[in-house]
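Colleague: Mind looking over this structure? Questions follow.
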């Protein structure tokens, strides 16, 4: 619909500030990190990797990076295992109580993160599980699992349950069905879900903040703590790292979306992960 | 988000067939696949939440927190900041969704990526970027001084304006998608028919596009408002002491006052508020016949 009447020009004109508003903050992050200055400024005064070197020489920041990657690994592994098995188990089945099961699986997405953070904080203290990255990883797994469930379910939508039944009637055992019928079909959904789980965990701040301890301080928590005092180049480097990860995640996601249109529906999902 | 709407998007399977040739293991084993997630959610989701609800009934906590003027202030802040952010987000989201709707295929893919990149970026990164832009010697102040709007830097950071800017930036994608999908479901021929009958573009928008995209607008508004009410990071990073929201108050009770029952009571209040809104949201989705944003 290409027309050049005044209303469309008005829309185009209005949309420029809207798109700039959306893009500029993300776009400045990497240049700010590579700024050749002791202060945080934009536009940068020159290109330098001094801040990046400073970041990787600082134990506090590198251990935060390690903690983030550890919690993300826990969240991805648990999320993929639980989300995928749940999606397969529920595929093509109707039983009394099924809506309640689906509701329970999705519920972690709608509970505000701060509420979950408080609940986990209390819970892990009460069972004496504090001071490591494990409870943070487990908490991330709780909110990451529904995403994997949804992306896997989306990729299963095209699978006719009759296919499973015919494989079984031809003598395929449960593992063989899983391997040869389900796995090829859910693989894109699984990868997409794993990316979601990784991104949910790597960006999650509130739960990690409540459960932080020396040695279990994630990158966003370190950023959150430092940002309240000063905008430092190391925060900028950390932001640039996370933006790069997000860009790679988005590119991979787009690749899979282009391959399988079904996962487009999943994109505007991260309700609980964002605040 | 909504079970009901999610359910409608998937084909109705017939369930495990109770046919005569079905071997026993085919029917009995599948629930084993659900056992891990159910066990996990019961232990690590329902139990902590249950304990939280339990803790909230101790020490007269509800009465205590609701009599705290700081809490009342935080509740009022939450409502006003969320409402303001929602209005701005829906207006900007509508403009962006209109552009996406009008764009050709290639432009649309590029613009979708533009909308999605901030969506995939963590909230702290976005708020940090805004802090850099809005600080006294930041780009926005430089621009305002450059065009002569102001002589000296004006304080743009650590106030309510900054909180709303930061929140809107995080919330925009959530508004764009529902609005875009309701725009995309409008029959193009309606506009063509109206134009062929002499309607101007303004009239087409007012009398066709806008009313038919109303379900998308209300879904977007509700979703954005729901997410807004839980914001925690942005008020701390971008706001001043007077801009704290309910989530910050929960944190304050839990980690500063170490008053668990008070924090738990606040958390329950927030969850109940959000749950009611989610229920309304599902109604709206159902009424609008939308499946897209789950």
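Chains as they are written, first to last, in our numbering: chain A, 4 to 278; chain B, 3 to 296.
Glycine included, every Cβ here is placed at the ideal spot set by N, Cα and C.
Does the beta carbon of residue 245(A) fall short of 6 Å from some heavy atom of the ligand MG?
Modeller: Questions concerning the ligand MG fall outside what the structure shown contains, since it holds no ligand whatsoever.
Colleague: Give, in chain order, every residue of the region 202-220 of chain A whose Cβ lies closer than 9 Å to some Cβ of chain B.
Modeller: 202, 205, 206, 207, 208, 209, 212 and 213
Colleague: Tell me whether residue 283(B) is buried or exposed, calling it buried when 16 or more other Cβ atoms sit within 10 Å of its Cβ.
Modeller: buried
Colleague: Where does residue 129(B) fall in DSSP's three states?
Modeller: helix
Colleague: Would you check if the distance between the CB atom of residue 1(B) and the CB atom of residue 158(B) is smaller than 7 Å?
Modeller: Because chain B is modelled from 3 through 296, residue 1(B) falls outside the range shown and cannot be assessed.
Colleague: Please determine, among 240(B), 124(B) and 169(B), the residue with the shortest C-alpha to C-alpha distance to residue 227(B).
Modeller: 169(B)
Colleague: Quick one: list the residues of chain B neighbouring residue 37(A), beta-carbon separation under 7 Å, in chain order.
Modeller: Neighbours of residue 37(A) on chain B: none; closest Cβ ~13 Å, over 7 Å.
Colleague: List the residues of chain A whose Cβ lies closer than 7 Å to the Cβ of residue 100(B), in chain order.
Modeller: 14
Colleague: I want to verify the contact list: residues of chain B whose CB lies under 8 Å from the CB of residue 111(A), in sequence order.
Modeller: 43 and 47
Colleague: So which residues of chain A does residue 160(B) contact, with C-beta pairs closer than 9 Å?
Modeller: Correct list: empty, because the minimum Cβ distance to chain A is about 11 Å.
Colleague: Are the C-beta atoms of residue 67(B) and some chain A residue less than 7 Å apart?
Modeller: no
Colleague: Does the region 226-244 of chain B come close enough to the region 40-57 of chain B to have 3 or more Cβ pairs within less than 8 Å?
Modeller: Contact fails: fewer than three Cβ-Cβ distances are below 8 Å.
Colleague: Along the region 241-258 of chain A, what residues have a CB closer than 7 Å to any CB found in chain B?
Modeller: 242, 245, 246, 249, 250, 252, 253 and 257
Colleague: Between the C-alpha atoms of residue 260(B) and residue 133(A), what's the straight-line distance to the nearest angstrom?
Modeller: Taking the straight line from one Cα to the other gives about 17 Å.
Colleague: For residue 141(B), go through chain A and note every residue whose CB falls closer than 7 Å to its CB, in chain order.
Modeller: 45
Colleague: Here's a check: name, in chain order, each residue in its chain whose Cβ is nearer than 6 Å to the Cβ of residue 201(A), leaving out the five neighbours to either side.
Modeller: Cβ neighbours of residue 201(A) beyond the five flanking positions: 75 and 79.
Colleague: Would the region 55-71 of chain B count as touching the region 196-213 of chain B if we require 3 or more Cβ pairs under 8 Å?
Modeller: no
Colleague: Using the beta-carbon of each residue, which ones in chain A are nearer than 7 Å to residue 127(B)?
Modeller: 32, 242, 245 and 246
Colleague: Measure the CB-CB distance between residue 181(B) and residue 86(B) and report whether it falls below 7 Å.
Modeller: no
Colleague: Is the Cβ-Cβ distance between residue 63(B) and residue 263(B) less than 7 Å?
Modeller: yes
Colleague: Whole angstroms are fine: how far does the CA of residue 32(B) sit from the CA of residue 26(B)?
Modeller: The predicted model places residue 26(B) with a pLDDT of 42, which falls under 50 and marks its position as unreliable; any figure quoted below should be read in that light. Residue 32(B) has its alpha-carbon roughly 11 Å from the corresponding atom of residue 26(B).
Colleague: Since residue 140(B) and residue 147(B) should fall inside the 8 Å C-beta cutoff, what is the C-beta to C-beta distance between them, to a whole number of angstroms?
Modeller: Actually they are not in contact, since the Cβ atoms of residue 140(B) and residue 147(B) sit about 11 Å apart, beyond 8 Å.
Colleague: Do the region 81-96 of chain A and the region 147-154 of chain A touch if we need at least three Cβ pairs shorter than 8 Å?
Modeller: These segments touch.
Colleague: If we ignore side chains and look at the alpha-carbon of each, how far apart do residue 268(A) and residue 45(A) end up?
Modeller: Any reading at residue 268(A) must be qualified, since the residue scores a pLDDT of 45, below 50, and its modelled position is unreliable; the value itself is stated next. Going from the Cα of residue 268(A) to the Cα of residue 45(A) covers about 36 Å.
Colleague: Hey, how far is the Cα of residue 137(A) from the Cα of residue 252(B)?
Modeller: Per the coordinates, the alpha-carbon of residue 137(A) lies some 24 Å from the alpha-carbon of residue 252(B).
Colleague: So residue 188(A) contacts chain B; which residues on that side make the cut at Cβ distance below 7 Å?
Modeller: Those do not exist, as residue 188(A) stays about 14 Å from chain B at its closest Cβ, beyond 7 Å.
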